[in-house]
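Worksheet: one structure, shown below.
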Amino acid sequence: MIKAIIVGIVFGVFASLTYLLYYLH
Numbered sequence: 035m036i037k038a039i040i041v042g043i044v045f046g047v048f049a050s051l052t053y054l055l056y057y058l059h
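In my numbering, the protein residues as written are 35 to 59.
See the structure below:
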């Protein structure tokens, strides 16, 4: 269960960073 939560958080942060990079460019 904890692993799923950590993966979800990491994926969320990665998605946010990717979105910001595409938005800035």
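Quick reminder that beta carbons are idealized off the backbone N, C-alpha and C, glycines included.
Taking the C-alpha atoms as reference points, what is the distance between residue i and residue j?
| i | j | result |
| --- | --- | --- |
| Ala38 | Leu55 | 26 Å |
| Tyr57 | Phe45 | 18 Å |
| Phe48 | Val41 | 10 Å |
I'd like the list of long-range same chain contacts for residue i, defined as Cβ closer than 8 Å, with 5 residues on each side in sequence excluded.
| i | result |
| --- | --- |
| Ser50 | none |
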